[in-house]
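Residue numbers (our numbering), protein chains in the order written: chain A, 266 to 386; chain B, 393 to 989; chain C, -2 to 116.
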């Protein structure tokens, strides 16, 4: 900072993801706690998508599809644990599984169509 | 009906997600204008993937990961929460002007009581500290930003949903009522057991909100620890670290060990409430909750008070014209408080019938922890002793802090003693004691910081006379309200009640008058704050407090001076002036640097 | 090394934490001799653990922080807290003043140069 007075003001930083990560967590929590299927699925999608987005943006992952897949697998395992073990929170488990599947599908769609377009910029 | 509800939710959620995706796509496009952003071509250095200019308007604030902006967001958030929590208590105090139930119902009083506590501790106290630490720690230690700027942003953005959840019971949502568990959420009441109304979803929502605020605090703490350990300027060695950074480092350590425990306890409580687990309903479950809660709850006290002590230790010497007396005493005693705070939790539980041998140990450590706090107090007094004192508004608030902290601290030492505690437990004495600390000390230090750094974050100066009015009304109001509470406690008035015996009426009315004086003071503060921000005299000098005269300038003021000199605007208000460095201003900078050399 | 790091000044600074340590120690001894509630392995064990654990942790943290602070005092220039990066700030130890001034020269020059460049 000493070498460049005032530069920390000129070089701004911004990221669109944190807000949505922060929104995704409570929405999915509410959905899972009160067994509201759409909220659970939507919140998890928002959370998962934003996590992948922020990881990509900050360079912690290089491949979007791999990050999405990894997250989807984690969700899938969690959902299965809820739905098919002794815990037997069936509807909540299905919500998480649905979110996992949608997330994976979304990742594939992004990989096949959206990313291509972007690279033509 | 049920299906329709689900359908509506699904549609709503779908529309929301599509809107988010569309917005993100636009933002991503905007981002791709910058050289290295977007696409799979990144993989470069860690600094280059972020867009290098801030967008304008609301989007700037929604997307910012700049520590100063996030500090401002924390500050705005905390002040809004302070207003909400303050208005809640005004209503309660007005109700208490009369012994019987007059203005509001007893259940509504209980709801306000619960929300006031949680709001002030978690939505005002922690965030106002985070406001200062986010803005100033990187400046003080010579870092470019926090170690994890995005996590910093996530930590902030978890807080607005947390507030909405905590206050959800007050919103007109069908079948949801506010929690009435008090901020300690003791089971079995909070587990929804029995014939009470605490089975209600309002309690679940509050617990979720509290959990979120805990997650937020933990993320922030990790960030500060990483920042202070790794991002310091080469010159800022451990020996050169300022006192505010020391207190934030200690506080972050406390958060790291305390808040996850609160999170777990809340998760257990939610499981008990909704999924039929029995953590707190088996034999000893109630005492288990108290142990878990206070193992978090007592460090929380120091989480809230250490950074304000740091602010006072930083600000007070600047207006006493000399360096802090016994700086290292203050540092080591801060660390001592940090460790010992984890060994005192059961002094909140002396009256529960736990084993007397355990009680004795907790009493011993509680008495020991009084020493480091007292050491700080003596250091502040000695710093002022024969000093060149300038009674500016921040200094007044610092002195008010010391004064109130002495009363709050001394009353606390008595509570640490088992026999005294058994008499005073659950009376207004306790309420008076901790309000002296929370309002009289923590909030006062917050105000000291807000006034002291006002020129830095607004570029303007506040109105001095109004500042003094604010201080004196706050000081008188605080002491009137909370000293009356201490006396009420001696008289045996139990805490948390909406109604009381007529014999307590006079002192309750005194406390209510004090609270109203506080209200007037805070209204003046809001007016001064807002008007000065918009119309105040612009600060043209990088050293508005003339700290350089006594060689007391600290790093954040030199940053501010450079900022003024290089004439790059903050960008907060004047979007049009995205100026590059002006030639004229830099000449000035040269001249000044030459002077310095 | 330890004796070198912990000179008289540092030990004087650390006395502030020795007071609470002494208080805890006092109670450990006191509870051993004055013990109206009798001895029972679990609760008495906990009783002493609750005293000894904070004692050990506080002693350890005091030692570590003292070492870190005193160590960096020996190694680098010591400024008034929060003033290390302030241009023109003078180091606290006068005897190190000359050296430090040398060290200080370069970053200050950089500042001026950087300002020149951006202009």
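Here a beta-carbon is modelled for each residue, glycine too, at the ideal position from N, C-alpha and C.
Among the residues of the segment 21 to 46 of chain C, those with a Cβ less than 7 Å away from any Cβ of chain B are 21, 24, 28, 34, 40, 41, 43, 44, in the order of the chain. If you ignore the 5 residues before and after residue 503/B, its C-beta comes within less than 6 Å of the C-beta of 570, 572, all in its own chain and listed in chain order. In the DSSP assignment, residue 467/B falls within the alpha helix (DSSP H) that extends over 459 to 487.
The three-state secondary structure of residue 852/B, taken from DSSP, is strand.
The beta carbon of residue 724/B falls within 8 Å of a beta carbon belonging to chain C, placing the residue at that interface. DSSP, reduced to helix, strand and coil, places residue 819/B within a strand of the structure shown.
The three-state secondary structure of residue 84/C, taken from DSSP, is coil. Judged by DSSP secondary structure, residue 955/B falls within the alpha helix (DSSP H) whose first and last residues are 947 to 958. Taking 8 Å as the threshold, the shortest C-beta distance from residue 545/B to chain A falls below it.
In this structure, residue 777/B keeps its C-beta atom at 8 Å or more from the C-beta atom of residue 704/B. Taken in chain order, the members of the segment 324 to 351 of chain A whose beta-carbon sits within less than 7 Å of a beta-carbon on chain B are 324, 327. Rounded to the nearest whole angstrom, the CA to CA distance from residue 510/B to residue 737/B is 19 Å.
Comparing alpha carbon positions, the residue from 562/B, 617/B, 620/B closest to residue 592/B is 562/B. In the three-state reduction of the DSSP assignment, residue 279/A falls in the strand class, which pools E and B. Within the same chain, 737, 738, 740, 741 come within 8 Å of residue 686/B by CB-CB distance, once the 5 residues on both sides are set aside. Counting only runs of at least 4 residues, the segment 688 to 753 of chain B fully encloses the following alpha helix (DSSP H) elements, listed from N- to C-terminal order: 719 to 732. Identification of residues in the segment 69 to 82 of chain C having a C-beta nearer than 8 Å to some C-beta of chain B yields 69, 70, 72, 73, 74, 75, 76, 77, 78, 79, 80, 81, 82, given in sequence order.
The alpha-carbon separation between residue 361/A and residue 350/A amounts to approximately 14 Å. Within 10 angstroms of the beta-carbon of residue 701/B lie 16 or more other beta-carbons, which makes it buried.
Each residue's CA atom was taken as its position, placing residue 79/C and residue 945/B some 8 Å apart.
With contacts defined by Cβ atoms closer than 8 Å, residue 538/B and residue 615/B form a contacting pair. Of all C-beta pairs linking the segment 888 to 901 of chain B to the segment 826 to 836 of chain B, fewer than three are shorter than 8 Å, placing the two stretches out of contact. Put simply, the backbone Cα of residue 871/B is about 59 Å away from that of residue 327/A. Shown here, residue 886/B sits in a strand according to DSSP, grouped into three states. Judged by pairs of C-beta atoms under 8 Å, the segment 53 to 65 of chain C does not touch the segment 601 to 618 of chain B, as fewer than three such pairs exist.
Between the alpha carbons of residue 458/B and residue 356/A lies a distance of about 41 Å.
Only residues of its own chain outside the window of five on either side were considered, and among them 812 have a CB closer than 7 Å to the CB of residue 806/B, listed in chain order. For residue 8/C, none of the residues of chain B pass the 9 Å Cβ criterion, the least Cβ distance being about 11 Å.
In this structure, DSSP gives residue 456/B an extended state, which the three-state scheme calls strand. Taking the beta carbon of residue 945/B as reference, the chain C residues within 8 Å of it are 80, 83, 86, listed in sequence order.
Taking 8 Å as the threshold, the shortest C-beta distance from residue 664/B to chain A does not fall below it. Within the same chain, Cβ atoms closer than 7 Å to the Cβ of residue 586/B are found at 580, the five residues on either side in sequence being excluded.
The segment 875 to 931 of chain B is shown to contain whole alpha helix (DSSP H) runs of 4 or more residues at 897 to 927, in chain order.
At least one CB of chain C lies nearer than 8 Å to the CB of residue 630/B. The Cβ neighbour count for residue 855/B, taken over all protein chains shown within 10 Å, is at least 16; the residue is labelled buried. With contacts defined by Cβ atoms closer than 8 Å, residue 295/A and residue 309/A do not form a contacting pair.
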